[in-house]
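Asker: The sequence shown begins at 213 in the working numbering and counts up one residue at a time. Even for Gly, the Cβ is constructed at its ideal location relative to N, Cα and C. First the structure, which I've put down as structure tokens, then a few questions once you've had a look.
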Amino acid sequence: LLPPAEAPVAQQVSAALSALLRARLLGQTGLSAVADTLEARLDGVLPPGVVTQLLALAFEVRNAASTAEVIGLARRIVTLLEEEANPPAESHPPGGTDSQSGADPQGGADPQGGADSPGGTGSQSGTDPQGGADPQGGADSPGGTGSQSGADGAGAHGAGAGSAGGTLDDARRAALTTLLAAQGDEADGADVGTRTAQWLEQAQPATDRPVTMSRLDPVPANLDPQKAVARARAATASLRRRLGVLVESRQRGADWRSRRGRRLDPAELYRPAVGQSIRFVRQDERPAPNTALALLLDRSGSMRGELPLAGQAVLSILLALDTLPGVASWAVAFPGREDDRVVPLKAFQEQAHRVAGRFALAAGGGTPLANALWRAGGELLRRPEPRRLILVATDGEPDNPDGVGDILARCRASGIEVVGLGIGQSLDHVQAVFGVRHAVSIATIEALAPALFAVLERQLLT
Numbered sequence: 213l214l215p216p217a218e219a220p221v222a223q224q225v226s227a228a229l230s231a232l233l234r235a236r237l238l239g240q241t242g243l244s245a246v247a248d249t250l251e252a253r254l255d256g257v258l259p260p261g262v263v264t265q266l267l268a269l270a271f272e273v274r275n276a277a278s279t280a281e282v283i284g285l286a287r288r289i290v291t292l293l294e295e296e297a298n299p300p301a302e303s304h305p306p307g308g309t310d311s312q313s314g315a316d317p318q319g320g321a322d323p324q325g326g327a328d329s330p331g332g333t334g335s336q337s338g339t340d341p342q343g344g345a346d347p348q349g350g351a352d353s354p355g356g357t358g359s360q361s362g363a364d365g366a367g368a369h370g371a372g373a374g375s376a377g378g379t380l381d382d383a384r385r386a387a388l389t390t391l392l393a394a395q396g397d398e399a400d401g402a403d404v405g406t407r408t409a410q411w412l413e414q415a416q417p418a419t420d421r422p423v424t425m426s427r428l429d430p431v432p433a434n435l436d437p438q439k440a441v442a443r444a445r446a447a448t449a450s451l452r453r454r455l456g457v458l459v460e461s462r463q464r465g466a467d468w469r470s471r472r473g474r475r476l477d478p479a480e481l482y483r484p485a486v487g488q489s490i491r492f493v494r495q496d497e498r499p500a501p502n503t504a505l506a507l508l509l510d511r512s513g514s515m516r517g518e519l520p521l522a523g524q525a526v527l528s529i530l531l532a533l534d535t536l537p538g539v540a541s542w543a544v545a546f547p548g549r550e551d552d553r554v555v556p557l558k559a560f561q562e563q564a565h566r567v568a569g570r571f572a573l574a575a576g577g578g579t580p581l582a583n584a585l586w587r588a589g590g591e592l593l594r595r596p597e598p599r600r601l602i603l604v605a606t607d608g609e610p611d612n613p614d615g616v617g618d619i620l621a622r623c624r625a626s627g628i629e630v631v632g633l634g635i636g637q638s639l640d641h642v643q644a645v646f647g648v649r650h651a652v653s654i655a656t657i658e659a660l661a662p663a664l665f666a667v668l669e670r671q672l673l674t
């Protein structure tokens, strides 16, 4: 975070701006000492006043509302640096700089180069307009010699002081010129985000199986969605009705009676006949928290004979979820064209019956569950629903068990529930991957749809 003092000026400025803005605008006080050090360092490298003007402009970023405004601010900073690197030439009145050492208003002795009288030695300390003695090389009187050497000494001293100041100013202007000519890679290593990423990578345990977030394949063809919907609904009609009834009953509270309402109490219709007021049945609403659900379907090579029924079961679940208020769903199959890709089946904003033709999948590949889980977790974390759930339907051992365990722990630490449904696997095997309380096992693919609905009933009603 603190570049060495001999680092290029571009790296110094980049590091200083990053540290100062983070410390003083974002409140990242851990960078305060670095920010102060770099600010003092720039004060010693750049011309006086430049750092103050530079920071004044940089701090305007707090008011920027778009990328375009930030780019405009950067251009203003470049303009400032260019103006400071090439200041306008200073104008002086004709005839010299000052009247030191007894020089006349023209900056030296009279045009003849010396005094006119023998006693003029005391006034011989000045020089002629060309900065030297008179053209004859001395004074007009015998006493002028000593006086002349004094003038030369004073001139030498003044020139030395001016030369030192000029050298320092020139060095600072040169630093500005170097800064303006710098290429982008000269500031490498100063960015806090980049350095943090490097430290995290260095701290990461060495592994032969790194996990990357799966990317989305192109959306598959949506072949005859109406036919796919009809098949899925016919196969799971009773399951969908049961789920709907259970969710509705869970959202309804206990019945109570009131003198006002919309639904008469059929058990008390006798009351008007005996002179009593009629009563109505009313219910309290107990809305369940809104839920975002991600469904992951294993389409590895071992699912080749079972994938049509598996796709139909997942589609039936999504069709049922579309009818439930407060539930948003997303679904993919893994792997995609490559192990680090997934096949998009349904996005959150899509309706299942409109994309049902995508579920006619072909099997192939391994079981890169960790990559797909990471993608699902990332999608859910962007959702506004307070409850988030991942359901995984798989028939095999994940390619990277350690990676799966790591991603599962991260998901659950972020408030995402993950349930695994193993097809043709022992319960112990599924529990070893997903945990004792988050595993379900079925013997055949025909049991997948009932098992998925049972898991949803349990998760949505608790």
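(1) Determine whether the beta carbon atoms of Leu603 and Gly647 lie at a separation below 9 Å.
(2) Drop a sphere of 10 angstroms on the beta-carbon of Gly632, count the other beta-carbons inside from all chains shown, and report buried for 16 or more, exposed for fewer.
(3) Which class does Ala383 belong to by DSSP, given the choice of helix, strand or coil?
(4) Please classify Val657: is it buried, with 16 or more other beta-carbons within 10 angstroms of its beta-carbon, or exposed?
(5) Which residues mark the beginning and the end of the beta strand (DSSP E) in which Glu629 is found?
(6) Is it buried or exposed for Ile654, if we count other Cβ within 10 angstroms and need 16 for buried?
(7) Whole angstroms are fine: how far does the CA of Ala572 sit from the CA of Ala444?
(8) For Leu267, which of Val290, Leu593, Ala280, Ser278 has the nearest alpha-carbon?
(9) Going by DSSP, what residue range makes up the beta strand (DSSP E) through Arg553?
(10) In whole angstroms, what separates the C-alpha of Val486 from that of Pro478?
(11) Jot down the residue ranges of each uninterrupted alpha helix (DSSP H) in the segment 227-262, minimum 4 residues, whole runs only, in chain order.
(12) When the Cα of Thr424 is compared with those of Ala661, Gly577, Glu281, Asp618, which residue comes out closest?
(13) Beta carbon of Ile529, beta carbon of Gly589: below 9 Å?
(14) So what does Ala661 bridge to, in DSSP terms?
(15) How long is the line joining the alpha carbons of Val616 and Ala522, rounded to whole angstroms?
(16) Within 10 angstroms of its Cβ, does Lys439 collect 16 or more other Cβ (buried), or is it exposed?
(17) Go through the segment 516-602 residue by residue and report every complete run of the alpha helix (DSSP H) that reaches 4 residues or more, in order.
(18) Under a three-way DSSP split, which group does Asp510 fall into?
(19) Chain B beta carbons: is any one of them nearer than 9 Å to that of Leu214?
(20) Roughly how many angstroms separate the alpha carbons of Asn583 and Asp436, rounded to a whole number?
(21) How would you label Ala371, buried or exposed, when you count the other beta carbons within 10 angstroms and need 16 or more for buried?
(22) Looking at the secondary structure, which residues open and close the beta strand (DSSP E) in which Ile654 lies?
(23) For Ala568, tell me which candidate among Gln524, Ala605, Arg599, Pro537 has the shortest Cα-Cα distance.
(24) If we ignore side chains and look at the alpha-carbon of each, how far apart do Asp640 and Arg649 end up?
(25) Shortest alpha-carbon distance to Ala504 belongs to which of Ala247, Trp586, Leu672?
(26) For Leu455, I'd like the list of residues in its chain whose CB is within less than 7 Å of its CB, leaving aside the five on either flank, ordered along the chain.
(27) Counting C-beta neighbours from all protein chains within 10 Å, is the total for Leu592 16 or more, i.e. buried, or is it exposed?
(28) Cα separation between Ala506 and Gly513?
(29) I need the straight-line Cα distance from Asp607 to Met515, nearest angstrom please.
(30) Please state the DSSP three-state secondary structure of Ser450.
(31) Pull up the distance between the alpha-carbon of Ala545 and that of Gly517, whole angstroms please.
(32) Quick check on the DSSP output: the alpha helix (DSSP H) that includes Gly216 runs from which residue to which?
(33) Within the continuous alpha helix (DSSP H) that includes Leu620, where are the two ends?
(34) When DSSP labels each residue in this structure, what does Arg472 get in the three-state scheme?
(35) Measuring straight from C-alpha to C-alpha, what distance separates Asp382 and Arg587?
(36) Which stretch, first to last residue, makes up the alpha helix (DSSP H) that contains Glu413?
Answerer: Per the coordinate set shown:
(1) Locating residue 603 in the sequence shown gives position 391, counting from the first residue. Locating residue 647 in the sequence shown gives position 435, counting from the first residue. Remark: C-beta atoms of Leu603 and Gly647 do not approach each other more closely than 9 Å.
(2) Stepping through the sequence shown from its first residue, residue 632 is reached at position 420. With 16 or more Cβ atoms within 10 Å of its Cβ, Gly632 is classed as buried.
(3) Taking the first residue of the sequence shown as position 1, residue 383 is located at position 171. DSSP, reduced to helix, strand and coil, places Ala383 within a helical segment of the structure shown.
(4) The sequence position of residue 657 within the sequence shown is 445, counting from 1. Residue identity check: residue 657 is Ile in the sequence provided, not Val. It counts as buried.
(5) Here the question's residue 629 lines up with position 417 in the sequence shown. Taken as a continuous stretch (DSSP letters only), the beta strand (DSSP E) holding Glu629 covers 628-635.
(6) Within the sequence shown, residue 654 is the residue found at index 442, counting from 1. Flag for Ile654 reads buried.
(7) In the sequence shown, the residue the question calls residue 444 occupies position 232. In the sequence shown, the residue the question calls residue 572 occupies position 360. Whole-angstrom Cα-Cα distance: 12 Å.
(8) Here residue 267 corresponds to residue number 55 of the sequence shown, with the count starting at 1. The residue with the shortest Cα to Cα distance from Leu267 is Val290.
(9) Mapped onto the sequence shown, residue 553 falls at position 341. Segment 553-558, the beta strand (DSSP E) holding Arg553.
(10) Walking along the sequence shown from the start, residue 486 turns up at place 274. Walking along the sequence shown from the start, residue 478 turns up at place 266. The straight-line gap from Cα to Cα measures roughly 15 Å.
(11) Taking only runs of at least 4 residues, the alpha helix (DSSP H) segments lying wholly in the segment 227-262 are 244-257.
(12) As a first step, residue 424 is located in the sequence shown; it is residue number 212 there, counting from the start. Measuring from the Cα of Thr424, the nearest candidate turns out to be Asp618.
(13) As a working mapping, residue 529 is identified with position 317 in the sequence shown. As a working mapping, residue 589 is identified with position 377 in the sequence shown. Taking 9 Å as the Cβ cut-off, Ile529 and Gly589 do not qualify as a contacting pair.
(14) In the sequence shown, counting from the first residue as 1, residue 661 sits at position 449. Paired residues: none, contrary to the question.
(15) On the sequence shown, position 404 is the one that residue 616 refers to. On the sequence shown, position 310 is the one that residue 522 refers to. In a straight line, the C-alpha of Val616 is about 22 Å away from that of Ala522.
(16) Here residue 439 corresponds to residue number 227 of the sequence shown, with the count starting at 1. Exposed is the call here.
(17) 519-533, 581-593
(18) The residue given as residue 510 occupies position 298 in the sequence shown. Three-state result, Asp510: strand.
(19) Note that chain B does not occur in the displayed structure, where there is just one protein chain.
(20) Residue mapping note: residue 583 aligns to position 371 of the sequence shown, counting from 1. Residue mapping note: residue 436 aligns to position 224 of the sequence shown, counting from 1. Between the alpha carbons of Asn583 and Asp436 lies a gap of roughly 30 Å.
(21) The count along the sequence shown starts at 1 and reaches residue 371 at position 159. Note on Ala371: pLDDT 42, under 50, position unreliable in the model; the coordinate value appears next. It is exposed - the Cβ of Ala371 has fewer than 16 other Cβ atoms within 10 Å.
(22) Here residue 654 corresponds to residue number 442 of the sequence shown, with the count starting at 1. Counting along the chain, the beta strand (DSSP E) containing Ile654 begins and ends at 651-654.
(23) As a working note, residue 568 is residue 356 in the sequence shown. Ranking the options by Cα distance to Ala568, first place goes to Gln524.
(24) What you label residue 640 is simply residue 428 of the sequence shown in a count that begins at 1. What you label residue 649 is simply residue 437 of the sequence shown in a count that begins at 1. Approximately 11 Å, taken between the alpha carbons.
(25) For the purposes of this step, residue 504 is taken as residue 292 along the sequence shown, with counting starting at 1. Answer by Cα proximity: Leu672.
(26) Working through the sequence shown from its first residue, we reach residue 455 at position 243. Cβ neighbours of Leu455 beyond the five flanking positions: Ala532, Phe665, Leu668, Glu669.
(27) Residue numbering aside, residue 592 sits at position 380 when the sequence shown is read from its first letter. The Cβ neighbour count for Leu592, taken over all protein chains shown within 10 Å, is at least 16; the residue is labelled buried.
(28) To locate residue 506, count along the sequence shown from 1; it is residue 294. To locate residue 513, count along the sequence shown from 1; it is residue 301. If you take the alpha carbons of Ala506 and Gly513, they lie about 22 Å apart.
(29) Locating residue 607 in the sequence shown gives position 395, where the first residue counts as 1. Locating residue 515 in the sequence shown gives position 303, where the first residue counts as 1. If you take the alpha carbons of Asp607 and Met515, they lie about 7 Å apart.
(30) To locate residue 450, count along the sequence shown from 1; it is residue 238. Reduced to three states, the DSSP call for Ser450 is helix.
(31) As a position in the sequence shown, residue 545 is number 333, starting the count at 1. As a position in the sequence shown, residue 517 is number 305, starting the count at 1. Distance between the alpha carbons of Ala545 and Gly517: 16 Å.
(32) Mapped onto the sequence shown, residue 216 falls at position 4. With the sequence shown as reference, residue 216 is identified as Pro, and Gly is not the correct amino acid for it. Segment: none, Pro216 is in no alpha helix (DSSP H) and carries neither H nor E.
(33) Walking along the sequence shown from the start, residue 620 turns up at place 408. That run of the alpha helix (DSSP H) goes 613-625.
(34) Here the question's residue 472 lines up with position 260 in the sequence shown. In the structure shown, Arg472 adopts coil according to DSSP, grouped into three states.
(35) By one-based count along the sequence shown, residue 382 stands at place 170. By one-based count along the sequence shown, residue 587 stands at place 375. Roughly 56 Å between the two C-alpha positions.
(36) Translated into positions along the sequence shown, residue 413 becomes position 201. 404-415 is the extent of the alpha helix (DSSP H) around Glu413.
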